[in-house]
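Worksheet: the structure to be examined is printed underneath.
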Amino acid sequence: STIVLVFEAPAAGANHPGAKGGFSWAVEKGQKVKMGQALGYV
Amino acid sequence: LRGALKDTKVKWYPIPVGLGIGFLGLVQFYKTQSREKERIEREGFEGEEGRPKKRPRIRPEGPWQVRVMSTLPLKAMSRLWGKFNELTIPYYLRVPGFKLYAYIFGVNLDEVSEPDIRVYPNLSAFFYRTLKPGVRPLDPNPNALLSPADGRVLQFGKIEGNDIEQVKGMTYTIDALLGKNTPTPSLSDKQPEPVNQSYKPTAPGHSGEELVSSEEEFARVNGISYTLPNLLSGGDESHDSPKQQKLEDQAADPSSPGAVSEVRADLALGEKPWYALISPDNRTALYYAVVYLAPGDYHRFHSPANWVVERRRHFAGELYSVSPYLQRTLPGLFTLNERVVLLGRWRWGFFSFVPVGATNVGSIAINFDKELRTNSLLTDTAADRAADEAAARGEPYAGFAEATYTAASAVLGGHALRRGDEMGGFKLG
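Protein chains in written order, with this note's numbering: chain A, 1 to 42; chain B, 1001 to 1429.
Structural data, given as structure tokens:
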């Protein structure tokens, strides 16, 4: 089974309060993750 | 143990496996017959013209393994596999059986919520196990997007145009995965309520002062300003009302319940393609991530963020395996398989969550959607009928059944989820 997430998030360099550097990934392809672990940060 | 084996009187009972299968077959036959009888009574005719035609099965291109697989009755096999795994395992075989499964698929039995795994009557129940509280801590950063489940990140990135890249460069479109981008029924069926005047469109050259009062105007304004941050902050403009300031403060605080949903009543996706969600001024972008759950993983999924689910689309597709090998070799695999598409919004705009079924794990359960039935003969028949009716009307079949979520609060407009909330899971068969 698989879960696909598609979402809108601030682009890198977006000049928006709270967005700062945009969305950045915190994982690598093929990496094992646990539920609750961060995939990325806004 | 020797004494127990020698001295215990052994009394053999026949295990009625064949009888059980026969009984299930009889029940299924009876259900089919009753359904057909009801249909004839309701529609008043019998014969080929009243029977839903089968949806044409898509024969995917690929290597011979894929072609062979496409000839198999995968959904029937999946259902049979589910029934098989629901058979009760003899009490004394449960521990060695589950331990063998755990050894083969790498299950950490220390994390399982039940200290005595013999309470799981069958593999199906063990597969859908819960974990001990605290063994999956959530990332403390409120701006983190969390992994919804245990698994392996196969692919992630930014969506360019309408295409999502699959493994090894194969692509599929968002339209094919999520269905066409259509406005929410609640907004298309009725005249929208006037939007709070303090919500300003933020596109360049748009003053944002007028009160929106018609559907046409709403769509126009919505077409310009569709991201939650834009609506909340009014771009670079100052806040006009204490209410807007309050909403912004709430949305900025992820711990605030209902913060996202408070303003979403005024939002709609509009009739734009998905890729048009990317704002013209590059404030936001569309991203995607694919998490693969191996057979030994914890198979419940949780909310990756604070968001509001507005709609559910059920695509009654096929049930190919979603192993990394097949993901590499079968283009658009996720657009072929049965899946549940949950569409909604989060702090930064559009958000969707798509659990995709597989041959061994065909059933997708959503905790807040008791009416959803996946991997079911009934839903397949309903899909066949819908395809048939669409063909009779001369319209293309959308490929999915859609439902909208309502909430107790009018402004909520959907089912609100907080980060880490359990949403549902995958079940065997």
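Even for Gly, the Cβ is constructed at its ideal location relative to N, Cα and C.
Just checking: is the beta-carbon of residue i within a distance shorter than 8 Å of some beta-carbon in chain B?
i, result
"A:S24", "no"
Under a CB-based cut-off of 8 Å, is residue i close to chain A?
i, result
"B:A1387", "no"
"B:P1063", "no"
"B:V1119", "no"
"B:G1420", "yes"
"B:I1174", "yes"
"B:A1285", "yes"
"B:G1332", "no"
"B:P1014", "no"
"B:N1108", "no"
"B:N1306", "no"
"B:H1314", "no"
"B:Y1298", "yes"
"B:G1399", "no"
"B:G1349", "yes"
"B:N1282", "yes"
"B:R1264", "In this predicted model, B:R1264 has a pLDDT of only 31, less than 50, meaning its place in the structure is not dependable; the value taken from the coordinates is given anyway. No, no contact with chain A."
"B:G1003", "no"
Pull up the CB-CB distance for residue i and residue j, whole angstroms please, since I reckon it's below 8 Å.
i, j, result
"B:A1294", "B:R1152", "7 Å"
"A:S1", "B:V1322", "6 Å"
"B:G1082", "B:G1429", "2 Å"
"B:E1422", "B:T1374", "Incorrect: roughly 17 Å between the Cβ atoms, too far for contact."
"B:E1310", "B:G1394", "Wrong, their Cβ atoms sit about 30 Å apart, outside the cutoff."
"B:L1154", "A:K29", "7 Å"
"B:P1178", "A:V6", "The sequence as given places Leu at residue 1178 of chain B; Pro does not occur at that position. The Cβ separation is near 7 Å, so the contact holds."
"B:D1150", "B:Y1325", "Rounded, the Cβ-Cβ distance is 20 Å, inconsistent with contact."
"B:L1330", "B:V1066", "5 Å"
"B:E1086", "B:N1122", "6 Å"
"A:I3", "B:V1010", "Rounded, the Cβ-Cβ distance is 47 Å, inconsistent with contact."
"A:L39", "B:L1286", "So it is not a contact: roughly 15 Å between Cβ atoms."
Mind listing the chain A neighbours of residue i? Cutoff is C-beta to C-beta under 9 Å, in chain order.
i, result
"B:S1352", "V4, L5, V6, F7"
"B:W1346", "F7, E8, A9"
"B:A1391", "Residues of chain A passing the Cβ test: none, with the nearest at roughly 29 Å."
"B:V1066", "What B:V1066 touches in chain A: nothing, since even the nearest Cβ is about 17 Å away."
"B:L1293", "S1, T2, I3"
I want to verify the contact list: residues of chain A whose CB lies under 8 Å from the CB of residue i, in sequence order.
i, result
"B:V1322", "S1, T2"
"B:L1178", "V6"
"B:F1301", "I3, M35"
Taking all protein chains shown into account, do 16 or more other C-beta atoms lie within 10 angstroms of the C-beta of residue i, making it buried, or fewer, making it exposed?
i, result
"B:N1306", "buried"
"B:R1345", "buried"
"B:K1370", "exposed"
"B:L1319", "buried"
"B:K1075", "buried"
"B:V1027", "exposed"
"B:L1100", "exposed"
"B:V1119", "exposed"
"A:E8", "buried"
"B:S1113", "exposed"
"B:S1352", "buried"
"B:S1214", "Bear in mind that a pLDDT of 30 at B:S1214, under 50, signals an unreliable position, so the model cannot answer this."
"B:V1017", "exposed"
"B:E1209", "With a pLDDT of 29 at B:E1209, under the threshold of 50, the modelled position of this residue cannot be trusted, and the question is left open."
"B:N1108", "exposed"
"B:R1035", "exposed"
"A:Q37", "buried"
"B:Y1030", "exposed"
"B:T1359", "buried"
"A:V42", "buried"
"B:F1126", "buried"
Verify the CB distance criterion: does residue i have a CB-CB separation below 8 Å to chain C?
i, result
"B:L1377", "The structure shown has no chain C; the protein chains it does contain are A and B."
Counting only Cβ pairs nearer than 7 Å, list the residues of chain A close to residue i.
i, result
"B:H1415", "Correct list: empty, because the minimum Cβ distance to chain A is about 17 Å."
"B:V1290", "T2, V4"
"B:S1426", "Checking the sequence, you will find Phe at residue 1426 of chain B rather than Ser. By Cβ distance, chain A contributes S1."
* Asked: Using a Cβ cut-off of 8 Å, which residues of the segment 1129 to 1155 of chain B contact any Cβ in chain A, in chain order?
  -> R1136, P1137, L1138, D1139, N1141, N1143, A1144, L1145, L1146, S1147, P1148, A1149, D1150, G1151, R1152, V1153, L1154, Q1155
* To do: With 9 Å as the C-beta to C-beta threshold (strictly closer), list the residues of the segment 1068 to 1101 of chain B near chain A in chain order.
  => none
* Asked: Between the segment 1355 to 1368 of chain B and chain A, which residues of the former have CB atoms less than 7 Å from a CB of the latter, in chain order?
  -> P1355, V1356, G1357, A1358, V1361
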